[in-house]
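Using UniProt numbering, the letters of the sequence shown correspond one by one to residues 1 to 331.
Here is the structure we will look at.
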Amino acid sequence: MFRTTLALVATAVPAMADEINVYSYRQPELIAPLTEAFTAETGIDVNVAFLNEGMVERLQAEGDRSPADVVLTVDIARLNELVEAGVTQPLSSQTLTDSVPAALHGPDGQWWGVTTRARIVYASKDRVADGEVTTYEDLADPKWKGRICTRSGTHDYNVALVSAMLHHHGEEYTRTWLEGVKANLARKPEGNDRAQVKAIWAGECDISLGNTYYMGAMLADPEQVPWAESVRIVFPTFENGGTHVNISGVALTKAAPNKDNAVKFIEFLASSKAQEIYAEVNNEYPVGPGTEASELVRSWGEFTPDDTDLVDLAKLRPDAIKLIEQVDYDG
């Protein structure tokens with residue numbers, strides 16, 4: 001049985017043999033199909049505490065008495081933050097090693113990627129020609145003045161993209177690039193990725209940054225279908241690289257009172273069954289070998305992922321945030 005709770009409390013109660021406790025930054029509707037499938041297959045109940053923020057602080061405060069066995073989150077920086085805070089533990093598993101490419105898990109098994117998503121451009125079908133957007137660097141070109149919409153520059157997804165720009169081009173170039181993108185904004189950054197597509201549909205801007213899976217989410221919502229149908233997905237690249245990708249991932253907590261069951265759950269997330277659920281329900285790119293993206297996702301086109309080490313991007317996060325704030329991107 002799938003259980004959702006907002007207040008798992010650290011206690012000295014012995015671990016139960018038929019359950020695990022998960023702290024998740026991922027939305028309930030995105031992981032419910034996965035936890036329900038796991039319980040159906042194993043009989044192990046999954047209790048999930050959905051958090052908006054403060055996962056590291058909560059785990060640190062709970063310490064060895066934490067009830068959490070597993071953490072689920074998006075963005076490599078958040079995974080790396082958990083590792084550096086010392087609230088996770090290494091997990092060695094041949095099942096995971098066989099299922100998750102080396103580039104998508106920590107070298108010591110402290111975190112494991114379970115899906116990927118691309119940071120792409122949504123472009124107006126009516127006002128942006130095919131081939132007009134090619135690179136991330138191009139977004140700072142004055143030809144886009146008054147034509148770009150984005151969510152906050154300090155949101156994790158955009159911070160990761162700026163971190164990648166830093167990796168490819170260094171601080172001076174990235175600052176100039178950020179200033180150029182800011183100068184091209186049609187409005188002050190606001191809302192989520194879907195709100196930017198809505199703004200394109202409304203004629204407020206012509207292009208926006210967003211994650212690929214939001215297209216699937218919009219097409220599943222009758223109110224948002226017109227937004228989705230007003231744009232096409234473009235896969236920009238870095239001038240000396242590929243298309244920026246990030247991950248959703250999982251880690252075993254340091255306390256893990258139900259460790260054996262937790263390991264089973266993490267291995268399940270990398271299994272063919274779970275990867276197919278991710279692909280069909282969440283419109284994300286599966287990491288498991290032999291598991292294809294859904295037909296809808298494949299219809300958006302192919303791309304070559306940038307090969308920058310994800311941990312390197314996570315380490316550049318503080319520098320990226322500093323630059324975003326220096327140029328007052330959200331101002």
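Positions of the beta carbon are idealized from the N, C-alpha and C atoms, including for glycine.
Which same chain residues end up closer than 7 Å to residue i when comparing Cβ atoms and leaving out the 5 residues on each side of it in sequence?
i	result
aspartate 18	Gly43, Ile44 and Asp45
glycine 153	Pro189, Ile324, Tyr329 and Asp330
glutamine 60	Ala85 and Val87
arginine 127	Asp206
threonine 135	Pro236, Thr237, Phe238 and Glu239
leucine 296	Gly216 and Asn283
glutamate 81	Val56
serine 294	Ala279, Glu280 and Asn283
valine 133	Val121, Ala123, Ile207, Val234 and Pro236
Report all residues from its chain with a CB closer than 6 Å to the CB of residue i; omit the five preceding and five following residues, and keep chain order.
i	result
arginine 26	Leu72
valine 181	Leu139 and Ala140
valine 74	Ser248
glycine 146	Ala186
proline 14	Low confidence applies to proline 14: its pLDDT is 42, below 50, so where it sits in the model is not reliable, and the reading given next is rough at best. Nothing listed; no residue qualifies.
glutamine 89	Leu252 and Lys254
Quick one, which of the options has its alpha-carbon nearest residue i's?
i	options	result
valine 306	Ser208, Asn240, Glu57 and Thr253	At residue 306 the sequence reads aspartate, which differs from the valine that was named. Residue Asn240 is the option with its Cα nearest to aspartate 306.
leucine 96	Glu53, Phe268 and Pro28	Phe268
tyrosine 122	Tyr214, Asp98 and His105	Tyr214
proline 28	Leu104, Asn52 and Asp75	Asn52
alanine 217	Trp177, Asp126, Ala279 and Gly170	Ala279
proline 178	Gln89, Glu137 and Thr253	First, the amino acid is wrong: residue 178 is leucine here, not proline. Here the closest residue by C-alpha is Glu137.
valine 114	Arg151, Asn158, Val250 and Asp260	Val250
serine 272	Phe38, Tyr23 and Arg175	Phe38
isoleucine 200	Lys125, Lys143, Lys254 and Val162	Lys125
threonine 150	Tyr173, Asp130, Gly210 and Glu132	Gly210
leucine 34	Thr174, Asp64 and Glu276	Glu276
leucine 313	Arg78, Ser208 and Gly63	Arg78
proline 318	Gly290, Trp300, Glu171 and Ile247	Glu171
tyrosine 157	Ser208, Glu36, Arg58 and Ser294	Ser208
tryptophan 300	Thr291, Tyr285, Gly290 and Glu132	Tyr285
leucine 91	Asp260, Pro142 and Arg298	Asp260
serine 24	Ala40, Gly54 and Ala102	Gly54
residue 365	Trp144, His169 and Val162	Residue 365 is absent from the structure shown; the chain starts at 1 and stops at 331.
Tell me which residues share the same chain as residue i and place their Cβ nearer than 8 Å to its Cβ, disregarding the 5 neighbours each side in the sequence.
i	result
serine 93	Gly109, Val263, Ile266 and Glu267
threonine 5	In this prediction, threonine 5 scores a pLDDT of 43, lower than 50, which makes its location untrustworthy; the coordinate-derived value is nonetheless stated afterwards. So the list reads Asn47, Val48 and Ala49, once near-sequence residues are dropped.
glycine 242	Phe303, Thr304, Pro305, Asp306 and Asp307
valine 100	Trp112, Gly113, Val114, Ala270, Val287 and Gly288
alanine 228	Val197, Met215, Met218 and Leu219
threonine 176	Ala140
glutamine 326	Arg175
arginine 194	Gly210, Tyr214, Ala217, Met218, Gln224 and Trp227
threonine 291	Ser272, Gln275, Glu276 and Ala279
alanine 103	Asp307, Asp309 and Leu310
glutamate 41	Phe268 and Lys273
Less than 8 Å between the CB atoms is what I'm expecting for residue i and residue j, so what's the real figure, rounded?
i	j	result
isoleucine 148	asparagine 184	5 Å
alanine 164	histidine 244	5 Å
leucine 30	histidine 167	Rounded, the Cβ-Cβ distance is 28 Å, inconsistent with contact.
valine 159	isoleucine 321	6 Å
isoleucine 76	valine 281	The pair is not a contact, with the Cβ atoms about 22 Å apart (cut-off 8 Å).
valine 70	threonine 212	Contact doesn't hold; Cβ gap of about 25 Å is too wide.
residue 332	aspartate 64	No statement about residue 332 is possible, as the shown extent of the chain runs from 1 to 331 and does not include it.
Name the DSSP beta bridge partners of residue i, please?
i	result
tyrosine 25	Paired residues: none, contrary to the question.
tryptophan 112	His105 and Val250
leucine 209	Val121
valine 234	Val121
threonine 135	Thr237
threonine 88	Thr253
tyrosine 285	Thr116
proline 305	Thr243
valine 74	Ser248
leucine 185	Ile148
When every heavy atom of the ligand FAD is checked, does at least one fall within less than 7 Å of the C-beta of residue i?
i	result
threonine 150	As presented, the structure is devoid of all ligands, the ligand FAD included, so that no description of it is given.
### Task
Report yes or no: do the stretch 233–248 and the stretch 108–122 share at least 3 C-beta pairs separated by less than 8 Å?
yes
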